[in-house]
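Heads up: the structure comes next, in structure tokens.
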Amino acid sequence: MAFFDRPHQLQRLHQILCANRNNVPSMVTASLVGPAGHGKTQIALQYIYMHINEYDLILWCNAESRLKLAESISAHAQALQLISVAPNLPDDHKFATVARWLVASSSTVKWLLLFDNVEDFEVVRPLWPIAKSGSILITTRNSMLARLYTSQQVEIPLLTGAEGVSFLESFTSPSVLPHVSEEERAIYEIVKRSGHLPLVLDLVRHHALGTGYSFAQFLRAHEQFEELLMNEDYSSYLRTEFYPVPLAATLTIGLEKTSPEARNIMSIIAFLDPDEIPVELFEITATEMVDFGPFEPDLLPELSQWAENQLNDLNTRERALGEVKNRSLVTTLQAKRALRVHRMTQSAIAHVMKPSETVKWFNNAVLRLNVVFPWQEKSWSLYESWADCETYAPHVAALIKAYAKLRSDVGYPITLCETIRRCSWYLFEKSEYEEASAMIDPAIRICEEAMSRGIETGYPNDWYIPRLVADLYSQKGVIAFAADHRGHGLEWHQKGREIRQQVLDNFDDEGDPDAMQIRRYDNNIANSLLAENMPHEALDLLQRVYTESKNSGFSSSEPSLLPLNLSLCYQELGRFDEAAQMLDEAYAIIEPAFGSEGQQMSSVHSYRGRLMLKAGNLLLSFESYSACFRILHLIMPNHPEMGYTCHQLGLIMRMQGQYEAAR
Numbered sequence: 059m060a061f062f063d064r065p066h067q068l069q070r071l072h073q074i075l076c077a078n079r080n081n082v083p084s085m086v087t088a089s090l091v092g093p094a095g096h097g098k099t100q101i102a103l104q105y106i107y108m109h110i111n112e113y114d115l116i117l118w119c120n121a122e123s124r125l126k127l128a129e130s131i132s133a134h135a136q137a138l139q140l141i142s143v144a145p146n147l148p149d150d151h152k153f154a155t156v157a158r159w160l161v162a163s164s165s166t167v168k169w170l171l172l173f174d175n176v177e178d179f180e181v182v183r184p185l186w187p188i189a190k191s192g193s194i195l196i197t198t199r200n201s202m203l204a205r206l207y208t209s210q211q212v213e214i215p216l217l218t219g220a221e222g223v224s225f226l227e228s229f230t231s232p233s234v235l236p237h238v239s240e241e242e243r244a245i246y247e248i249v250k251r252s253g254h255l256p257l258v259l260d261l262v263r264h265h266a267l268g269t270g271y272s273f274a275q276f277l278r279a280h281e282q283f284e285e286l287l288m289n290e291d292y293s294s295y296l297r298t299e300f301y302p303v304p305l306a307a308t309l310t311i312g313l314e315k316t317s318p319e320a321r322n323i324m325s326i327i328a329f330l331d332p333d334e335i336p337v338e339l340f341e342i343t344a345t346e347m348v349d350f351g352p353f354e355p356d357l358l359p360e361l362s363q364w365a366e367n368q369l370n371d372l373n374t375r376e377r378a379l380g381e382v383k384n385r386s387l388v389t390t391l392q393a394k395r396a397l398r399v400h401r402m403t404q405s406a407i408a409h410v411m412k413p414s415e416t417v418k419w420f421n422n423a424v425l426r427l428n429v430v431f432p433w434q435e436k437s438w439s440l441y442e443s444w445a446d447c448e449t450y451a452p453h454v455a456a457l458i459k460a461y462a463k464l465r466s467d468v469g470y471p472i473t474l475c476e477t478i479r480r481c482s483w484y485l486f487e488k489s490e491y492e493e494a495s496a497m498i499d500p501a502i503r504i505c506e507e508a509m510s511r512g513i514e515t516g517y518p519n520d521w522y523i524p525r526l527v528a529d530l531y532s533q534k535g536v537i538a539f540a541a542d543h544r545g546h547g548l549e550w551h552q553k554g555r556e557i558r559q560q561v562l563d564n565f566d567d568e569g570d571p572d573a574m575q576i577r578r579y580d581n582n583i584a585n586s587l588l589a590e591n592m593p594h595e596a597l598d599l600l601q602r603v604y605t606e607s608k609n610s611g612f613s614s615s616e617p618s619l620l621p622l623n624l625s626l627c628y629q630e631l632g633r634f635d636e637a638a639q640m641l642d643e644a645y646a647i648i649e650p651a652f653g654s655e656g657q658q659m660s661s662v663h664s665y666r667g668r669l670m671l672k673a674g675n676l677l678l679s680f681e682s683y684s685a686c687f688r689i690l691h692l693i694m695p696n697h698p699e700m701g702y703t704c705h706q707l708g709l710i711m712r713m714q715g716q717y718e719a720a721r
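All letters in the sequence shown, in the order written, are residues 59 to 721 by the numbering used here.
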């Protein structure tokens, strides 16, 4: 085992344990506290090596369990000649004998009693001497235990990135000097992916030195080294006297001693993003998970098990959250009412789950996230919910990543696909086009495979899932259009329309929503045609759709799209009067339905500004863009549309010679 340089923690510990050296005898108790793998035992050992000459006697005891503690105490009692080697005495007798000796000798012997890995104080209580002087040091994951039974606590944090790099660099072989830059990059990558966890870095060091690898060679040979270290067979190869159990078991020690509710929380966390997990997720009820989940829950018998929730009661939930915090399984982000878990602890929890538990808790996390992720109102913007979207988007990405590993076990989570659709739209609104499009692809695959195999998912294969797939393809087209990709999303819009048309053809009674959505797809197809410099084809399509929509009556969720896009098409064809007429019609539809200060009205002003600019009327164009700016500044100042509007205003100012103002 190698020591990490932790000077601040060692100095603090020395200050505490030296507190009784001012000629006033006193009993000193201290604890090293932190999650598994943070190096508590290493720091205790290093402290002893540094200060061994300052004590007459040091008793190191393994306090992980009563059995292991008894083994330690037997060895110490025999070494102190308090008991003979032969007699098979009860453990309580040995404990009492050693405790009495510590109390009796406290005035003449400077001793340090160290209990390593204390998880239950009752294990060490019989040996907790009430002496006039002496020092007791414990290492523990349990912060509550440390506060209750030791006078001073030293928190053991993760290594900093620089500390982790320095540790591995100290073992770099001179033979890698010709390849220093490659070795440095490998070390930085290992430290980053280990999450700065000392235990993992030491295991990597142990393996690299044992096999003669440089760290760059280790990384090339084991690209997914985190998963490799979790493997029990591989972990056994790395076991030493300091790491006697597999990594996954080490990181989850103590979890089995928590309540079922606390284990539920950690099981859900196993599939989420580790950095900021909102407590709100654990407040979702089973009823909400079912109501927001599969469309036909009765067809999915497993749903009741997936939606199991033992956290409905506030007191139960708070107690369970307290358990996982006190055992250092998570840390709290107080300002955000959220939790953080180390990614290696998270991986370990997922690793030790049984297959049936994996399926259950993955789907439970999916159902919870589906409830809390914002929904679009009237198919318009998610902007007002961007803060919530930002909070939950990393967890959607984490579930997608987990699904890629677990797909053969968890099947076809259509609920996740529905959440992906909303999350992708949020990313699209933020102009994160690449991420938004990439997120859609696994959702499409899940849905299409479920349909082709006729799998029962709780969502009808003959209409619900096809509709979702059509929407996903169309959304992919919208993203491609905005990102100015080749084809401007035309093929995706056409594919979505084709799928939705099949649903319409098969279900006449479902015709109205499908017909309305097909008009939307046609509207998007026309936009792509326009972007592909085919304005006449776009106009023919838009006019047909516009007539159909007027005849059937505009739905509440499509009032302005067609007039606005017709206006744009007329602009491209130089038919400015007709373009203005369409904008007037859009205004007349939007004003009574959404008011004059919403995002919909800002679009009317923006389109009018574009028209006036194209027609050469800079004054009216500036007025229209200014009206758009005023609305966006009030309701969505950070939206990309605001940036575009400012750009257009600056452009007009420059055209008018107002260069200083344009800046």
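The beta-carbon is built from N, C-alpha and C at its ideal position, and this holds for glycine as well.
For this session: May I ask you to report which of helix, strand or coil DSSP gives Ser-386?
Result: coil
Problem set entry | Alpha-carbon spacing of Leu-330 relative to Ala-423, whole angstroms | 8 Å
For this session: Please report how far the alpha carbon of Phe-687 lies from the alpha carbon of Arg-668, in whole angstroms.
Result: 13 Å
For this session: Please classify Gly-656: does DSSP put it in a helix, a strand, or coil?
Result: coil
Exercise. How many angstroms separate the CA atom of Glu-568 from the CA atom of Leu-217?
Worked result: For Glu-568, the pLDDT reaches just 49, beneath the cut-off of 50, and the residue's location in the model is therefore unreliable, leaving the point undetermined.
For this session: Excluding the 5 residues preceding and the 5 following Gly-545 in the sequence, name in chain order all residues of the same chain whose CB lies nearer than 8 Å to its CB.
Result: Ala-538, Ser-586 and Glu-590
Exercise. Taking DSSP as the reference, what is the three-state secondary structure of Leu-369?
Worked result: coil
Exercise. Hey, quick one: how far does the beta strand (DSSP E) through Cys-119 stretch, first residue to last?
Worked result: 115-120
For this session: Could you check what DSSP says for Glu-568 in three-state terms: helix, strand or coil?
Result: Residue placement at Glu-568 is poorly supported in this model, since its pLDDT is 49, which falls under 50; the coordinates are not used for a value here.
Exercise. How close, in whole Å, do the beta carbons of His-134 and Leu-117 come, if the pair is a contact with beta carbons under 8 Å?
Worked result: 5 Å
Problem set entry | Contact between the segment 331-349 and the segment 306-318 (3+ Cβ pairs under 8 Å) | no
For this session: Take the Cβ of Ile-110 as the centre, count every other Cβ of all protein chains shown within 10 Å, and call the residue buried at 16 or more, exposed below.
Result: exposed
For this session: Measuring alpha carbon to alpha carbon, tell me which of Tyr-579, Tyr-531 and Leu-425 ends up nearest Val-348.
Result: Leu-425
Exercise. Would DSSP call Pro-93 helix, strand or coil?
Worked result: coil
Exercise. DSSP beta-bridge partners for Glu-213?
Worked result: Val-91
Problem set entry | CB-CB length for Pro-93 against His-400, believed under 8 Å | 6 Å
Problem set entry | Exposed unless 16 or more other CB atoms sit within 10 angstroms - verdict on Asp-260 | buried
Problem set entry | Exposure label - Asp-114; buried when at least 16 CB within 10 Å | exposed
For this session: Give, in chain order, every unbroken run of the alpha helix (DSSP H) that is at least 4 residues long and sits entirely within the segment 162-190.
Result: 179-182
Problem set entry | alpha helix (DSSP H) runs contained entirely in the segment 413-476, provided each spans 4 or more residues | 413-430 and 444-468
For this session: Determine the contact status of Arg-555 and Tyr-579, defining contact as a CB-CB distance below 8 Å.
Result: yes
Problem set entry | DSSP bridge partner residues for Leu-195 (one or two, in chain order) | Ala-88 and Leu-172
Problem set entry | Spatially closest choice to Asp-542 from Leu-588, Tyr-522, Arg-558 and Asp-520, by CA coordinates | Leu-588
Exercise. If Arg-278 and Leu-226 are in contact, beta carbons under 8 Å, what's the gap, nearest whole angstrom?
Worked result: Not a contact, Cβ separation roughly 16 Å.
Exercise. For Phe-173, is the classification buried or exposed, using 16 other Cβ atoms within 10 angstroms of its Cβ as the cut-off for buried?
Worked result: buried
Exercise. What's the call for Thr-269, buried or exposed, on a 16-neighbour Cβ count within 10 Å?
Worked result: exposed
Problem set entry | Burial state of Phe-565, where buried means 16 or more other Cβ atoms lie within 10 Å | exposed
For this session: For Val-223, I'd like the list of residues in its chain whose CB is within less than 7 Å of its CB, leaving aside the five on either flank, ordered along the chain.
Result: Ile-245, Tyr-246 and Val-249
Exercise. Within 10 angstroms of its Cβ, does Asp-520 collect 16 or more other Cβ (buried), or is it exposed?
Worked result: exposed
Problem set entry | Per-residue DSSP class, three states only, for Asn-146 | coil
Exercise. Do Ile-214 and Leu-90 have their C-beta atoms within less than 8 Å of each other?
Worked result: yes
Problem set entry | Distance between Met-713 and Leu-676 (C-alpha atoms, nearest Å) | 8 Å
Problem set entry | Pair within 8 Å by beta-carbon distance, Ala-596 and Arg-558 | no
Problem set entry | DSSP three-state assignment for Glu-718, whether helix, strand or coil | helix
For this session: Could you check the C-alpha separation between Arg-479 and Val-536 for me, to the nearest Å?
Result: 12 Å
For this session: Indicate whether the contact test is met: 3 or more Cβ pairs, each with one atom in the segment 363-383 and one in the segment 479-492, closer than 8 Å.
Result: no
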